[in-house]
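A.B. asks: In the order they appear, the protein sequences are chains H and D. Under numbering that gives the first Met the number 0, the first residue of the first sequence carries the number 0, and numbering increases by one thereafter. Under numbering that gives the first Met the number 0, the first residue of the second sequence carries the number 0, and numbering increases by one thereafter. This structure is in structure tokens; I'll ask about it shortly.
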Amino acid sequence: MNQTYLNAPPEESARILDARIPPGPLERKWTDHRGHVPLVSPANKRKHTILVVGTGLAGGAAAASLGELGYRVLNFCIQDSPRRAHSVAAQGGINASKNYQNDGDSDFRLFYDTVKGGDFRAREANVYRLAELSGAIIDQCVAQGVPFAREYGGTLANRSFGGAQVSRTFYARGQTGQQLLLGAYGSLMRQVAAGTVTMLARREMLDLVVVDGRARGIVVRNLVTGELETYAGDAVLLATGGYSTVFYLSTNAVNCNNSAAWRCHKRGAFFANPCFTQIHPTCIPQEAETQSKLTLMSESLRNDGRVWVPAKPEDRRSPAEIPDPERDYYLERIYPAFGNLVPRDIASRAAKRMCDEGKGVGSTGRAVYLDFQAALERLGRPVIAERYGNLFHMYEEITAEDPYRVPMRIYPAPHYTMGGLWVDYNLMTTIPGLFALGEANFSDHGANRLGASALMQGLADGYFVIPYTLGAYLAEWRPQAISTDHEAFGQAVTEVRQGIQRLMEVGGKEPVRDLWRRLGHVCWERVGMSREASGLAKALEEIRNLRKVFWQDLCIPGGQQELNRSLEMAIRVADYLEFAELLAMDALHREESCGGHFREEYRTPEGEALRDDERFSYVAAWEYTGDLQRPRLHKEHLTFEHVQPGQRSYK
Amino acid sequence: MSTQSMSFNLRVWRQDGPQAPGRLVDYKVVDISPEMSFLEMLDELNVQLIRRGERPVEFDSDCREGICGMCGLVITGVAHGPLPATTTCTLRMRHFQDGQTIEVEPFRAAAFPIVRDLVVDRSALDRIIQAGGFVSQNAGSAPDGNAVPVPKDDAENAMDAAACIGCGACVAACPNASAFLFTSAKVSQLAYLPQGRPEARRRVAGMVRQMDLEGFGNCTNHGECEAVCPKEVSIQHIARMRKEYWKAILG
Ligand SMILES: Cc1cc2nc3c(=O)[nH]c(=O)nc-3n(C[C@H](O)[C@H](O)[C@H](O)COP(=O)(O)OP(=O)(O)OC[C@H]3O[C@@H](n4cnc5c(N)ncnc54)[C@H](O)[C@@H]3O)c2cc1C
Ligand code: FES
């Protein structure tokens, strides 16, 4: 397959990446580790300045918790308020192995489901810790006043979520992310009032400052004044979310971006598994070119909705005219054990297959039905309204169709990115002192994330992991204070300023939004739901060409020293045009199918993903070499002691 | 879905900075499809402006699905536009008439200074929360989630209040530019829950005080706030906050 690379296969490092997983039995690792790491004394904590970038569940929880411990925290975000981080949009719920339902759940089962759900490409020790901490997250959120759904007896309610056979998902109507984020935001505001956290909103991090090999500061652009500002500290925590917007259209907010992570990558942080991207099966299909985002319809809908397409291709009748025997409830047919609740990667690919076979519905033929008729008959409208009312309302607002009467039309869309900065067990990247939390890191979900587990991971990282591992780092190192007068800061500012200058000076005619849309199109068509060697090689070529076009045709009206959204967007898209290449290269190098990474060439006779554990049971961590086309590959080999990798079967 | 194309006469508030004078500027947008959201329509206007070499209109948005509270425009006199229970980002152009003249202005209030064009500074709302809109709960010390049962109705009522997205439409719509609805939503959410009770007095006293300090007006029961609230937060929470407030003050 080597001929498919434009140059040569990636250079591979001989160095073994050490994840610094603590010794001992799986279920004791975290407890023992926590019990043995060195601590920072309370009096010393206030002498440490910690820069936390991002105020989502991961960043917000981390900043608040570190403030509670007495650290001096500076917290940054792009939006006008920390409460608006994109975690706010999560609908469905958050998992925890509380076993309140007495249905057989346990830390081990949550761990097992997550490793299997991730198609055996996640690190066992991290996943176990996540499961172990899941219960404490719920306790913390309840105590903060998060209004979770309750039973009549006053206890917490649960529901089941895609890919799980137990009911372990906690929720607050269809606004779970909002409520969890507001809980963290409340704690954060409390620390701001207490003076431990300084909140710096409408700031965008554009570079990392590394001094003597350690992360010591950041450069941010003040989005109101355009001023470049520098901040120094003893550690930098990156909690900047995922990169789904590389596809332009996704379920993510329009300000989501990968620039902070990418710039850290260029400063030496390895980027892991960029090709592990999640395409969510239940989104409202795209209707128009000018659309600015896609809207998710929560996965919880699959608990009561049945997915189907007309059994005959090119059947253009309206859904009501197609009698039951002429419908293909394909998920129930192909995966009888899980039916409509198969994991996301499986459901998304099945939908694509149906549409490829000409059975797609709607004006574009790229949609399948999600039908509530049976559930409405079984449970009645009030029950369905209570469960999904707000989602139905949202759907109707967008499509002008009433899902109580006409089946929803849904199609997969980019949603979540499992890849991210490589981190060790302590959430530290390959740059000492730079930590990555939440969706920005790569760690816990392998090649596919199960529903309701990103909220869990973000909060576990922020409330319960980083307070320990950051302390250990500082206690071992005992940093000397540093100021932004250090020459490394001046240098970084100059580089950022020059980068912005170059963008301003392109002087073309194209609005950045149009260029971004074109990049998204390439990524979606060739590096999206299914990938194939020649298409990926083509993608690399197209991305490189588009980069040229961008640097010739871009137009940014207005100036730098003011609020200028075109400039903000151009900075992010310029980074995406580089990152996209790594995304495609990673997809090309991984000659197997696993989770969200599906290569046409590697599939079972039934068309399912075919892993190659022999060759690819590793984390691909990419090092920036200064040459975008020649990144260096580092492998972290994955070993499975507690879950035997098998073919994932949901039949 | 229809493929019909619409056009509009926009009158958009332009202002270069907090101190600069502002004015309404007329634009015509064409080729707008009825499915587009109001913000996508403005995106289109901006593409047309950039192609003409003009400065695009600045406005805030993020999630574009009605949950983050970042967007917010006064559309022909109504915060978030003519449709009830809708944010600016989820409002579709099919609710307007082809050829209609639409005025687009920022959320105005003394406590919301204009940053640029349609972008305002709503950090005063964060400061109200800082004055007590939380439960003082350090990570690590929480009892089991089921240790304290919460009656389902209380949880539901708390959730109704907690649905507030902090957009500030209530302030923009109020003739007094009052933040009572915003503040009461948080007070009420935490008053319904046993976890919020221990600090109830301190909370309401602190938040109300901050509201005044920020220059928000008083509530004189116009009810405009409830009418424009995209999450239909009820003014009953204001009544509840008043009760909580008097309890706190009178001890
Ligand atoms: C529509 C939707 C529904 C979802 N539903 C669920 C669900 O039901 N259950 C579940 O478990 N997961 C769900 N997810 C996934 C989950 O919400 C996210 O993965 C998670 O919330 C990410 O949290 P985070 O803290 O890592 O990042 P985010 O919440 O995205 O926060 C990123 C933060 O970083 C800041 N930032 C970014 N770049 C910079 C920069 N350069 N400088 C300064 N600040 C920066 C942003 O301002 C923001 O504050 C959903 C996701 C979406 C999009
Ligand atoms: S952009 Fe988030 S509510 Fe409108």
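C-beta: ideal position from N, C-alpha, C; glycine also. Bear in mind the structure is a predicted one, so any value in this text is a computation, not a measurement.
1. Assign L23 of chain D to one of three DSSP states: helix, strand, or coil.
2. Pick out whichever of H:L469, H:E395 and H:G645 has its Cα sitting closest to the Cα of T85 of chain D.
3. Which parts of the segment 524 to 597 of chain H are runs of the alpha helix (DSSP H), unbroken and 4 residues or longer, counting only runs that do not cross its ends?
4. Measure the alpha-carbon distance for L249 of chain D versus G205 of chain D and round it to whole angstroms.
5. Nearest to G16 of chain D by alpha carbon, out of H:S616, H:V642, H:E561 and H:E622?
6. Can you tell me whether G361 of chain H sits near ligand 2, meaning its C-beta is under 7 Å from at least one heavy atom of the ligand?
7. Taking C-beta pairs closer than 7 Å, name the residues in chain D that D138 of chain H reaches, listed in chain order.
8. Who are the Cβ neighbours of C228 of chain D in its own chain at under 7 Å, not counting the five residues just before and after it?
9. Identify whether M407 of chain H lies in helix, strand or coil by the three-state DSSP scheme.
10. How would you list, in chain order, the residues of chain D whose beta-carbon sits under 9 Å from the beta-carbon of A148 of chain H?
11. Just the C-alpha distance for C166 of chain D and H85 of chain H, rounded to the nearest angstrom, thanks.
12. By the three-class DSSP mapping on this structure, what secondary structure does S86 of chain H have?
13. Hey, would you say R614 of chain H sits closer than 8 Å to T624 of chain H, going by beta carbons?
14. List the residues that DSSP assigns as beta-bridge partners of C522 of chain H.
15. Leaving aside the five residues before and after A190 of chain D along the sequence, list all residues of the same chain whose C-beta is less than 7 Å from its C-beta, in chain order.
16. According to DSSP, is C282 of chain H part of a helix, a strand, or is it coil?
17. Please classify V605 of chain H as buried or exposed, where buried requires at least 16 other C-beta atoms within 10 Å of its C-beta.
18. So does G134 of chain H have its beta carbon nearer than 7 Å to some heavy atom of ligand 1?
19. Taking 8 Å as the CB-CB limit, is F95 of chain D close to chain H?
20. Mind listing, in chain order, the continuous beta strand (DSSP E) runs of no fewer than 3 residues lying wholly within the segment 71 to 156 of chain D?
21. On the premise that L518 of chain H lies in contact with Y575 of chain H, defined as a C-beta separation below 8 Å, what is that separation, rounded to the nearest angstrom?
22. Checking contacts by CB at 8 Å: is C169 of chain D closer than that to chain H?
23. Does any C-beta atom of chain H lie closer than 8 Å to the C-beta of I128 of chain D?
24. Under 8 Å, with one C-beta from each stretch per pair, do the segment 330 to 344 of chain H and the segment 416 to 428 of chain H reach the 3-pair mark?
25. Could you give the C-beta distance for L473 of chain H and F270 of chain H, rounded to a whole number, given that I count them as a contact under 8 Å?
26. By the criterion of Cβ-Cβ separation under 8 Å, what are the contact partners of N254 of chain H in chain D?
27. What number of angstroms, rounded off, separates the C-alpha of C163 of chain D from the C-alpha of E475 of chain H?
28. Quick check: the Cα distance between E541 of chain H and E53 of chain D, rounded to an integer number of angstroms?
29. Could you tell me whether the Cβ of K44 of chain H comes closer than 8 Å to any Cβ of chain D?
30. Along the chain, which unbroken stretches of the beta strand (DSSP E) at least 3 residues long are found entirely within the segment 253 to 300 of chain H?
31. Measure the CB-CB distance between R158 of chain H and N339 of chain H and report whether it falls below 8 Å.
32. Check the Cβ of F215 of chain D against every Cβ in chain H and list those closer than 7 Å, keeping chain order.
33. Got a sec? Which residues, its chain only, sit under 7 Å from L227 of chain H by beta carbon, not counting five neighbours each side?
34. Is the beta carbon of T87 of chain D within less than 7 Å of some heavy atom of ligand 2?
35. Along the chain, where does the alpha helix (DSSP H) that runs through W245 of chain D open and close?
36. Are any of the Cβ atoms in chain D nearer than 8 Å to that of R631 of chain H?
C.D. replies: With the given structure in hand:
1. Reduced to three states, the DSSP call for L23 of chain D is strand.
2. H:E395
3. 532 to 552 and 564 to 588
4. When only Cα atoms are considered, L249 of chain D and G205 of chain D end up about 15 Å apart.
5. H:E561
6. no
7. A141, P142, D143 and G144
8. A168, C169 and L180
9. The answer is strand: DSSP assigns M407 of chain H an E or B state.
10. K151, A154, E155 and M158
11. 15 Å
12. helix
13. no
14. In the DSSP output, where bridge partners are listed per residue, C522 of chain H has none listed.
15. A199, R239 and E243, listed in sequence order.
16. strand
17. Just to set this straight, residue 605 of chain H is Glu in the shown sequence, not Val. Exposed, by the Cβ-count rule.
18. no
19. no
20. Considered as a whole, the segment 71 to 156 of chain D harbours 100 to 104 and 113 to 115 as its complete beta strand (DSSP E) runs of no fewer than 3 residues, in chain order.
21. Right, the Cβ-Cβ distance comes to about 6 Å (below 8 Å), so this counts as a contact.
22. no
23. yes
24. Contact fails between the segment 330 to 344 of chain H and the segment 416 to 428 of chain H, because fewer than three Cβ pairs, one in each stretch, are under 8 Å apart.
25. With 8 Å as the limit, L473 of chain H and F270 of chain H do not qualify as a contact, their Cβ atoms being about 25 Å apart.
26. D61
27. 44 Å
28. 30 Å
29. no
30. 276 to 282
31. no
32. By Cβ distance, chain H contributes nothing, its closest Cβ being about 16 Å from F215 of chain D, past 7 Å.
33. So the list reads V218, R220, V492, V495 and R496, once near-sequence residues are dropped.
34. yes
35. Q235 to L249
36. no
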